[in-house]
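*Asks:* Let me begin by handing over the structure; questions about it come next.
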Amino acid sequence: MLVRMAVFAGGIVAAAMVLPGLATSYLDRPQTDTPAKTTQASPAKYTASKGVIMQPGAGGHFLGTFTINGRKADGMVDTGASMIAINISTARRLGISTGSLVFNARANTANGIVKGAFVTLDRVEIGTIAVRDVEAMVLPDKSLSGMLVGMSFLNKLSSYRVENGALHLTR
């Protein structure tokens with residue numbers, strides 16, 4: 006558990022260091038139930054029935070609109086995060102009952118040590134890809150301005166790779 010938290014925190018720290026303005030400007034956008042505008046991120050292209058190709062957005066990062074438990078949220082793919090990280094405001098919009106969460110996990114982020122709560126997301130989708138029972142952590146709004154999609158999602162895929170500058174996700 007301690008190792009998992011260290012890896013998770015490292016991903017958030019790395020993202021904050023690499024994206025000082027991008028993560029804030031992208032993830033602070035108002036969340037809607039419509040896909041991200043192409044000015045922020047290139048939309049994912051769907052291939053066959055098992056794959057998604059994500060083109061990089063501003064700064065070369067892979068940003069997309071994910072469907073979590075049937076509700077849409079914009080997120081950034083972060084291979085340095087051990088799991089999906091969601092701020093509490095986004096968690097509420099996704100239908101997660103935040104009042105019953107137990108914030109007993111600690112994460113060392115670029116904004117300091119914060120308490121987080123583990124949750125399991127029933128379903129996470131992007132394009133034609135859908136996976137079930139994905140671990141995530143809910144963090145305070147002040148420590149994260151939206152959603153990072155980490156390894157708890159990516160490890161449920163059969164493969165993911167960057168090829169010719171695009172992120173290829175395969176179920």
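Here the working numbering is used: the first residue of the sequence shown is 6, the next is one more, and so on. Using N, Cα and C, we set each Cβ at its ideal position, and we do this for glycine too.
Between which two residues does the beta strand (DSSP E) holding T125 run?
*Replies:* Translated into positions along the sequence shown, residue 125 becomes position 120. Note, T125: beta strand (DSSP E), 117–131.
*Asks:* If you draw a straight line from the alpha carbon of F71 to that of R176, how long is it in whole angstroms?
*Replies:* The residue labelled residue 71 in the question sits at position 66 within the sequence shown. The residue labelled residue 176 in the question sits at position 171 within the sequence shown. Cα to Cα, the separation comes out at about 15 Å.
*Asks:* Within the continuous alpha helix (DSSP H) that includes F67, where are the two ends?
*Replies:* What you label residue 67 is simply residue 62 of the sequence shown in a count that begins at 1. Membership of F67 in any alpha helix (DSSP H) is not indicated, and neither H nor E is assigned to it by DSSP.
*Asks:* Looking at the secondary structure, which residues open and close the beta strand (DSSP E) in which S164 lies?
*Replies:* Locating residue 164 in the sequence shown gives position 159, counting from the first residue. Residues 164–168.
*Asks:* Kindly indicate the opening and closing residues of the beta strand (DSSP E) around R176.
*Replies:* Taking the sequence shown and counting its residues from 1, one reaches residue 176 at position 171. Neither: R176 is in no beta strand (DSSP E) and is coded neither H nor E.
*Asks:* Which of helix, strand or coil does DSSP assign to A135?
*Replies:* In the sequence shown, counting from the first residue as 1, residue 135 sits at position 130. DSSP places A135 in strand when its eight states are reduced to three.
*Asks:* Quick one: what does DSSP say I101 is sitting in, helix, strand or coil?
*Replies:* As a first step, residue 101 is located in the sequence shown; it is residue number 96 there, counting from the start. Residue state, collapsed to three classes: coil.
*Asks:* How would you write the range of the alpha helix (DSSP H) that L159 sits in, first residue to last?
*Replies:* Numbered from 1 along the sequence shown, position 154 holds the residue referred to as residue 159. From DSSP, the alpha helix (DSSP H) with L159 extends over 156–159.
*Asks:* Taking the straight line between their C-alpha atoms, what separation do you get for P40 and V136?
*Replies:* Reading the sequence shown from its first residue, position 35 is the one you call residue 40. Reading the sequence shown from its first residue, position 131 is the one you call residue 136. With a pLDDT of only 35 at P40, under 50, the local geometry of the prediction cannot be trusted, and no value is derived from it.
*Asks:* Report yes or no: do three or more beta-carbon pairs, one from the region 167–176 and one from the region 88–104, lie closer than 8 Å?
*Replies:* no
*Asks:* Consult DSSP for T114 and reduce its assignment to one of helix, strand or coil.
*Replies:* Looking up residue 114 in the sequence shown gives position 109. Of the three classes helix, strand and coil, the one that applies to T114 here is strand, per DSSP.
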